[in-house]
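**Q** Just so you know, the sequences run in chain order A, B, C and D. Under this note's numbering, think of the first position of the first sequence as 1, with each following residue one higher. Under this note's numbering, think of the first position of the second sequence as 1, with each following residue one higher. Under this note's numbering, think of the first position of the third sequence as 1, with each following residue one higher. Under this note's numbering, think of the first position of the fourth sequence as 1, with each following residue one higher. Note that the Cβ used here is the ideal one computed from N, Cα and C, for glycine as well. Keep in mind the model is a prediction, meaning the values are calculated, not measured.
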Amino acid sequence: MKSHSKISALLSALFMGLGQIYNKQYIKGLIMMGVGLFILITFAVDFQHAMWGLTTLGETKQTIDGWDIVQGDHSINLLIYGLIFLIASILVLSAHVANVVDAYSVGKKREIGIVPNGIKETLKTMYEKGFPFAMLLPSVFATAFLIILPNLFGVLLAFTNYSSPNHLPPKNLVDWVGFDTFIDLFKMDMWSSTFYGVFGWTVLWAILSTFTCFFAGLFVAIIVNQKGIVFKRFWRSVFILPWAIPQFVSILVMQNLFNGEFGPINQLLLDLGILNERLYFLSDPTLAKITIVVVNIWFGFPYWMVLMSGVMTSIDKELYEAADVDGANNWQKFPKITMPVLMFSTAPLLIMSFAGNFNNFNMIYLMTQGGPVNTSYQGAGSTDILISWIYKMTLEQRQYNMASVVSILIFVIIASISIWNFRRTKAFKEEDMMS
Amino acid sequence: MAEITLNGIQKQYEGDQAPSVTDFNLDISNGELIVFVGPSGCGKSTTLRMIAGLEDITDGTLSINGNVVNQTPPKERDIAMVFQDYALYPQMSVYDNMAFGLKLRKYDKSEIKERVENAAKILGLTPYIDRKPKALSGGQRQRVALGRHRSESEGVLDG
Amino acid sequence: MTSKLSRNLRLVFSYAFLIALVVIVFYPIAWAFMGSLNPGDSLSKTKLFTTDLSFKHYIYLFKETNYLKWYWNTLKIALGTMVLSTIFVVSAGYAFSRYRFKGRKYGLMTMLVLQMFPSFMGMIAIFLLLDRVGLLDTHIGLILVYSGGGIPFGAWLVKGYFDGIPKSLEEAARIDGAGHITVFFKVMVPLARPILVFVAVNNFIGPWMDFIFARLVLTSPEKKTLAIGLFDMITGKSNTQFTNFAAGAVLVAIPITILFILFQKHIVEGLKAGANKG
Amino acid sequence: MELKKIFSVLATGALTASLLAACSGESANKSAPTQPAKKPAEAVKLEPEAGATLKLWDNGGKEGAWAKAVAAEFTKKYSVPVKVEESAHDKAAEKVDAAGPTGKGPDVFHAPHDHVGNMENSGAIFENKLGKAYTDRFVDAAITGTTGKEKQYGFPLAVETYALYYNKKLVKEPAETWEELFKQAKEFQKGSTDKDRKYGLMLEPGNYYIAHSIVGGYGGYVFGGKNGTDVKDLGLDSKGAIQAGEFVKKIHDELLPLKNEDIKGDLISSMFNEGKLMYRISGPWDIKNHQDAKVDFGVTTLPKLENGKVPTSFSGIKAYYVSAYTKYPKAATLLAEFATSDEMLIKRYEMTGQMPASKKALETDAIKNDAVLNGFAKQLKYAQPMPNIAEMQSVWEPAGKAFTAIWNGQASPKEALTNATKDIKGKIENQQK
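1. Within a Cβ cutoff of 6 Å, which residues of the same chain sit near residue 449 of chain D, ignoring the five residues on either side of it in sequence?
2. Could you spell out the range, first to last residue, of the beta strand (DSSP E) harbouring residue 156 of chain D?
3. Mind pulling the beta strand (DSSP E) runs of 3 or more residues that sit fully within the segment 138-166 of chain A?
4. Consult DSSP for residue 81 of chain B and reduce its assignment to one of helix, strand or coil.
5. Mind pulling the chain C residues with CB within less than 8 Å of residue 359 of chain A?
6. Could you name the residues of the same chain whose beta carbon sits closer than 8 Å to that of residue 239 of chain A, not counting the 5 residues immediately before and after it, in chain order?
7. Rounding to the nearest angstrom, what Cα-Cα distance links residue 200 of chain A and residue 349 of chain A in this structure?
8. In the DSSP assignment, what residue or residues form a beta bridge with residue 285 of chain D?
9. Please list, in chain order, the chain C residues whose beta carbon lies closer than 9 Å to that of residue 17 of chain B.
10. Pull up the CB-CB distance for residue 267 of chain C and residue 201 of chain C, whole angstroms please, since I reckon it's below 8 Å.
11. Quickly, what does DSSP pair residue 257 of chain C with across the bridge? List them, please.
12. Report the rounded CA-to-CA distance for residue 414 of chain D versus residue 58 of chain D, giving the unit in angstroms.
13. Report the partner residues of residue 280 of chain D according to the DSSP bridge assignment.
14. In or out: residue 160 of chain B buried (at least 16 other Cβ within 10 Å) or exposed?
15. Does the CB of residue 147 of chain C have a neighbour CB from chain A at under 8 Å?
16. Check the Cβ of residue 77 of chain A against every Cβ in chain C and list those closer than 8 Å, keeping chain order.
17. Taking just the CA atoms, how far does residue 91 of chain C sit from residue 157 of chain C?
18. Buried or exposed: residue 329 of chain A, going by 16 or more other Cβ atoms within 10 Å of its Cβ?
19. Measure the beta-carbon distance from residue 275 of chain D to residue 417 of chain D and round it to whole angstroms, keeping in mind my assumption that it falls under 8 Å.
20. Let me make sure I understand the geometry here. Which of A:218, A:227 and A:128 has the alpha-carbon closest to that of residue 181 of chain C?
21. Can you tell me where the alpha helix (DSSP H) holding residue 110 of chain D begins and where it ends?
22. If you measure beta-carbon to beta-carbon, which residues of the segment 407-420 of chain D are closer than 9 Å to chain A?
23. Does the segment 82-94 of chain B come into contact with the segment 163-182 of chain C, if we say contact requires no fewer than three beta-carbon pairs (one atom in each stretch) closer than 8 Å?
24. So, are the CB atoms of residue 94 of chain C and residue 162 of chain C less than 8 Å apart?
25. By the 10 Å Cβ neighbour count, where 16 or more other Cβ atoms means buried, how is residue 196 of chain A classified, buried or exposed?
26. Using Cβ-Cβ distances below 7 Å, what residues of the segment 73-93 of chain B are close to chain C?
27. Determine whether the Cβ of residue 48 of chain A lies closer than 8 Å to any Cβ atom of chain D.
28. Which residues in chain C sit within 7 Å of residue 270 of chain D, going by Cβ to Cβ distance?
29. Under 7 Å Cβ-Cβ, which residues of chain D neighbour residue 220 of chain C?
30. Any C-beta of chain D sitting closer than 8 Å to the C-beta of residue 210 of chain C?
31. Pull out every residue of the segment 60-84 of chain D whose Cβ sits closer than 7 Å to any Cβ of chain C, in chain order.
32. Taking Cβ positions only, does residue 11 of chain B come closer than 8 Å to chain C?
33. With DSSP collapsed to three states, give me the class of residue 57 of chain D.
34. Give the straight-line distance between the Cα atoms of residue 419 of chain D and residue 236 of chain D, rounded to the nearest whole angstrom.
35. Among B:72, B:124 and B:94, which one has its Cα closest to the Cα of residue 124 of chain A?
36. Beta-carbon of residue 437 of chain A versus every beta-carbon of chain C: anything under 8 Å?
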């Protein structure tokens, strides 16, 4: 007996749809061949050039001769177009593999005497088995091109010398330099001392801002949800306001409120006799850090309040009733029942919030622009966190490669903290989650 | 009018070491009432779910009324199943819960109405016909779950 | 008796705290509002209690700038983002929650990991990509960027919510004779309404606040969004129109705040879903 | 691949040829009578390329309105359509980098002159080939400012520098020396209370753009060398600069004991508008603001330092540049030339109030009689164009930081400036790789 499976798989591997035609699925095969042809025409020709661009980052510089401007290879564009093709080709390749697998399995069925599906049945099984893939398709495309591609590009930049002033295209070519930039970051005093300093503060900031908001939100939620408090909805609606107002607006307002000389907060505290002399909220390095953490509570507590209220109202009443029967009072019920439930169900969000604060660009950039100055830092201020430092590096100083290196480090840090934490939460271990 | 035959049915979940159901043979004739009894995890539900078409059958053949239905999707098997948690659609009223399957099978409106009302009467659900499942007691919910299949199919599996 | 007393005491303190908190929450808001009515150019000169008020900044917005046009642009982008991202996120979240297929685990891992990249790591790449497909400086391009960017987080959230819906419901529907599409639209989507509203509201709000990607993608002034329009008033050395900015900001904040309060219940639900399953 | 190589060899050859031509062109100018045949190609009358269409980027607002007017006239004259798009000039260089290669960039754009170095390095701008006949029309600073390491690029629109604003109601005779200013200001500040603050002088101390005037006045410098472009010779820790740091500290201690972070531009403006501020140091961009607030103010040179020198403010040159990504360099050059003709620059002054960069336009009566502009013009005589080499981008942040630290009392002037210099040196070295 002929090995239909092998022959058809081989044919399909040769060209999309051939194996299907061999398996007598003519319409399906023809459609697939059409798709294959389309890919070949639109894609394969440029592919080689794209890969050349990705590996060499270009060979000719821009030249100007009199009035003639001849554009050379633009390394950065070549890099991106190379990536676009790379990702597209992965998608195409997976389609091709699916095509081979399909041909193989249909061939296999033929070997045991099952007649291959006609086009009608094919469509039906496609609908039955392919439904989840169809649902995923739009997101896969969008993710591949709008998230993976840009991030991959960002990662790759770290391995080039793309930076001002000597490696800016199109007049210059950008080259692959391997890990040189990473080594620079840690070897050069100037960069590394800034990095360690900014990194330390970033971690501290992320922890402080996450926990202060968490507990502030928890506290407010407990107060509002007490028995005997009326107009619960009203209170919650008011406290949700800071969350609803566009952040870039309220941060700028806060910046004005906390102006050391002219801000009303200082004046108020002086008038009330709480202070004897002005506090320089935003110009003293330590005080500035405290100020942004405190101000951040204003922005961050509503989220947790809303969340905690939601979780608290959904805790099974029977738990409390059982505790009542056991003779527990309010002070015992809270740590024994409420708290564990809250912690359990909010832990994953706490981690996400930590990651979010780690990269809370708006807060730092709009509130202090990283200031006050820190004379021992390179390109960063006392309150700069890694992400705002990167922003300055890319936009103001055009050190694109160094910015990418720091981005990668941020990613590695956040990813490892998050994954380590997720692993410890129950949600992650559940068979259903990751099976 | 349903006869169900299980012939050498086997279920192997991917990643599990031992199969959940091995070489299970059973003939159920029309009108017969069958009860599976056993400790939890012994494969009762898996078998039922295979009959209903909710799980793929790893090996063996399942026939209903003499036709092999291994590959037939659940909706074409003409089987009903009452789930442990009743699986009532919370967003629909009792009436709509019971009428859902009929609507999907394109019965005409008057017939749906007649069948549903009839079933409701038998199960004593007429007063609650416009309520949502949430507003029913456990026993009432169970009856709705039964009732939604009463009108439409022949074989009933009680999970 | 003592317990009653302590209860009352507790309530008194609680109300005092709540009222204090209301003041703290409202103070910056009231201050920004008064700033927008303050006739000068500087926010720092705002007084909370004063009769020296003027609507000139609001008039300026409508007469001297394209404020309405920005508003309209932003509304379009916000609606587009809302629809598109909800489609992306719900379809992906549903597939991840309800189906078992090859690569599911890796898909979920990827989604998790992708959330952790610093957001503006690949801005240049996005710019050139949009250019390549001819979507640079178009609202559609920006909508795509926003909707795409929200997929990992949103899909996880929606997946978590669907995970909480008993599987038996959809199995019952399948036995009732429903196909994939019917199960999805008739049974699952109505049940997932809270999370859908949450995702939709979230994505609707995003474009009102972002000034980084909007500035990257949109270059022509007639396509500006509110956030850029307002931000331009206060950046650069000759742009110190803080009070015009405040006026514009007040008009942005009002609808969003209303939206937030209206959908409060759904937001709680959505967050809870995220909390339960992360 | 092979073709590409051949092509690149050809192109390099062409480049060398053109460089040689440029050199000999220069010598031709010097010894014009003996070598009339080698007249540079630039002198040939320019014609726009057939089918050219142009895109012009300028700021919005009044400058944008002017650009549109220019575009309309240009189209009338040359029948080349010009599309004007709004793009903030201080972000233009960056945007050209991104948009240029995609073909979405402008043909001509407005940028500040201190970006010339970077734009030259990345090859974003095309040389101004109009030669001496063109450049002679402009004030020197405008041309040096828009000249890069290799070539002259810009088509100057306006020159600006900062000077001393004074409120005429509060100041009878504006101070000529800092000594006088200190005296007047202290007198005025006597009436200041916590609730009703009054200040004699306000400036943004953390901005090196401003601080440089004092540094230069005391003989300090950023880069040494002939044109201030020797990046090996850093002068921020020179004696003059440290003296300047001490003087700035004195301003803080005696006149303006506020923290740098608390002094914002909008705040200074509103203090000035309310008549609670005698003097401020700022540029022409604040004119409109104060005129709108109906403040009776004057502008004059910065007061003399104790060594008798007028502080050397930084000047900025607003100029048009031809993008190196343009398909129509000739038409684009023509447009830039047209926009910077005396007639158009006078029109620009009328529409925007900015000081034109061309000598002839500066001679017109309207400008001569513009008291405010005159104040800036006087200061301009002492001004130094901001260095436009790319390395300058490494200076702003550390230098600003140093002056902030001095102002806020975080570091002594010597310490702060030595640190800054070290920092800048390191940055520049790092970038030379």
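**A** Put simply:
1. A question about residue 449 of chain D goes unanswered here, because the residues of chain D that appear run from 1 up to 433.
2. 155-161
3. none
4. strand
5. 118 and 119
6. 220, 224, 301, 302 and 305
7. C-alpha separation (whole angstroms): 23 Å.
8. According to DSSP, which records beta bridges pairwise, residue 285 of chain D is partnered with nothing at all.
9. Neighbourhood of residue 17 of chain B in chain C, by CB distance below 9 Å: empty, with the nearest CB roughly 18 Å away.
10. 7 Å
11. According to DSSP, which records beta bridges pairwise, residue 257 of chain C is partnered with nothing at all.
12. Cα to Cα, residue 414 of chain D sits roughly 42 Å from residue 58 of chain D.
13. D:165 and D:202
14. The first residue shown for chain B is 1 and the last is 159, placing residue 160 of chain B beyond what the model contains.
15. yes
16. Counting only Cβ-Cβ distances below 8 Å, residue 77 of chain A has contacts in chain C at 128, in chain order.
17. 12 Å
18. By the Cβ-count criterion, residue 329 of chain A is exposed, with fewer than 16 other Cβ atoms from all chains shown falling within 10 Å of its own Cβ.
19. The pair is not a contact, with the Cβ atoms about 36 Å apart (cut-off 8 Å).
20. A:128
21. Segment 108-112 is the beta strand (DSSP E) holding residue 110 of chain D; no alpha helix (DSSP H) there.
22. 408, 410, 411, 415, 416, 419 and 420
23. yes
24. yes
25. exposed
26. Here the close residues are 74, 75, 79, 80, 81, 83, 85, 87, 89, 90 and 91.
27. Using beta-carbon distances, residue 48 of chain A does not count as an interface residue toward chain D, since no partner is under 8 Å.
28. 40, 41, 42 and 45
29. 85
30. no
31. If you check each beta-carbon in the segment 60-84 of chain D against every beta-carbon of chain C, the ones closer than 7 Å belong to 60.
32. no
33. strand
34. Approximately 10 Å between the Cα atoms of the pair.
35. B:72
36. Only positions 1 to 435 of chain A appear in the structure, and residue 437 of chain A is not among them; the question remains open.
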